[in-house]
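Notes follow the structure.
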Amino acid sequence: DTGVSQDPRHKITKRGQNVTFRCDPISEHNRLYWYRQTLGQGPEFLTYFQNEAQLEKSRLLSDRFSAERPKGSFSTLEIQRTEQGDSAMYLCASTSTSGVSSYNEQFFGPGTRLTVL
Amino acid sequence: GQSLEQPSEVTAVEGAIVQINCTYQTSGFYGLSWYQQHDGGAPTFLSYNALDGLEETGRFSSFLSRSDSYGYLLLQELQMKDSASYFCAVRDQDDYKLSFGAGTTVTVRA
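See the structure below:
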């Protein structure tokens, strides 16, 4: 257990439905990242936050995807009008950019596995 | 863009040594990380190299050559629990964002 939690762990939905995932990072971490991982591939960067500010979005993040981190603590990732191609593991990671020597280490949550039927 | 290459699979016996190579092409470079991921699990941090040379952490060591855009992860005294996927990842900007390779599946046999 890295201290990063994600909910739900699994989500099965029908094409066209909206889904929302939640990530709770390690409390003192100011950076929060979202990645997507498909079978046999490494995690692909989607977006990241510094506190509550969303600083970068990957071109992988279409208009159907939106992410928030309203109080600089937990974050949500919403996918609207899901498509079968959205089926993947969605991983959240957090880190701190100040203080401790482990700032180059990202702490990953267990992920939310999305299946779009 | 970023491009990282690593072998897709490696098989070895318990007690052996395995080296996983990673070559990268990135627009910028701050450092090379290695992560381990067991089936169904989250990636967990193993090491980070920002400067040339070898970093040793227990049975695992990581090496970086910035001039060759190359690094490797060395797994010594392999144990069954080391069966997992191993990813190299480049930090190419000052924002701690990571670009991952496709991963190397290591299978340890008795």
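Residue numbers (this note's numbering), protein chains in the order written: chain A, 1 to 117; chain B, 1001 to 1110.
No residue lacks a Cβ here, since even glycine has one placed at the ideal position from N, Cα and C.
Cutting at 8 Å between CB atoms, please list the residues of its own chain near residue i, excluding the five before and the five after it.
i, result
"residue 9 of chain A", "110, 111, 112, 113"
"residue 28 of chain A", "96"
"residue 1057 of chain B", "1046, 1047"
"residue 1052 of chain B", "1064, 1065, 1066, 1067"
"residue 2 of chain A", "26, 107, 108, 109"
Residue i and residue j: beta carbons closer than 8 Å?
i, j, result
"residue 1021 of chain B", "residue 1086 of chain B", "no"
"residue 1099 of chain B", "residue 1023 of chain B", "no"
"residue 18 of chain A", "residue 84 of chain A", "no"
"residue 1050 of chain B", "residue 1028 of chain B", "no"
"residue 82 of chain A", "residue 67 of chain A", "no"
"residue 77 of chain A", "residue 43 of chain A", "no"
"residue 1095 of chain B", "residue 1002 of chain B", "no"
"residue 1006 of chain B", "residue 1088 of chain B", "yes"
"residue 1102 of chain B", "residue 6 of chain A", "no"
"residue 32 of chain A", "residue 75 of chain A", "yes"
Since residue i contacts residue j with CB under 8 Å, what's their CB separation in whole angstroms?
i, j, result
"residue 1004 of chain B", "residue 1090 of chain B", "6 Å"
"residue 117 of chain A", "residue 12 of chain A", "7 Å"
"residue 1109 of chain B", "residue 1010 of chain B", "With a Cβ gap of about 11 Å, residue 1109 of chain B and residue 1010 of chain B do not count as contacting."
"residue 104 of chain A", "residue 1033 of chain B", "7 Å"
"residue 45 of chain A", "residue 1097 of chain B", "6 Å"
Only counting the same chain, and skipping five residues up and downstream in sequence, which positions put a Cβ closer than 7 Å to that of residue i?
i, result
"residue 101 of chain A", "The pLDDT assigned to residue 101 of chain A is 48, lower than 50, so where the model puts this residue is not dependable; a value taken from the coordinates is nonetheless given after this. Nothing meets the Cβ criterion."
"residue 1016 of chain B", "1078"
"residue 14 of chain A", "117"
"residue 1082 of chain B", "1075, 1106, 1108"
"residue 1055 of chain B", "1047, 1049, 1061, 1062"
"residue 86 of chain A", "79, 114, 116"
"residue 1059 of chain B", "1075, 1076, 1077"
"residue 1069 of chain B", "1023, 1024, 1025"
"residue 88 of chain A", "36, 37, 38, 114"
When every heavy atom of the ligand ATP is checked, does at least one fall within less than 7 Å of the C-beta of residue i?
i, result
"residue 62 of chain A", "Because no ligand of any kind appears in the structure shown, any question about the ligand ATP cannot be addressed here."
Output needed for residue i: all residues of its chain with C-beta closer than 6 Å, excluding positions within five of it in sequence on either side, in chain order.
i, result
"residue 1043 of chain B", "1035, 1037"
"residue 21 of chain A", "77, 90, 112"
"residue 106 of chain A", "93, 95"
"residue 65 of chain A", "79"
"residue 1080 of chain B", "1108"
Ignoring anything shorter than 3 residues or poking outside the stretch 37-69 of chain A, list the beta strand (DSSP E) runs there in chain order.
Contiguous beta strand (DSSP E) elements confined to the stretch 37-69 of chain A occur at 44-50, 53-57, 65-68, taking only those with 3 or more residues.
Three or more beta-carbon pairs under 8 Å between the stretch 56-71 of chain A and the stretch 30-47 of chain A, yes or no?
The stretch 56-71 of chain A makes contact with the stretch 30-47 of chain A, as at least three CB pairs between them are under 8 Å.
Is it the case that the stretch 64-77 of chain A contacts the stretch 41-52 of chain A, given that we only count it when at least three CB pairs across the two stretches are under 8 Å?
Touching, yes.
Ordered list of beta strand (DSSP E) runs contained in the stretch 1023-1102 of chain B, each at least 3 residues
With a minimum length of 3 residues, the continuous beta strand (DSSP E) runs that stay inside the stretch 1023-1102 of chain B are 1031-1037, 1044-1049, 1053-1057, 1060-1065, 1070-1075, 1084-1091, 1098-1100.
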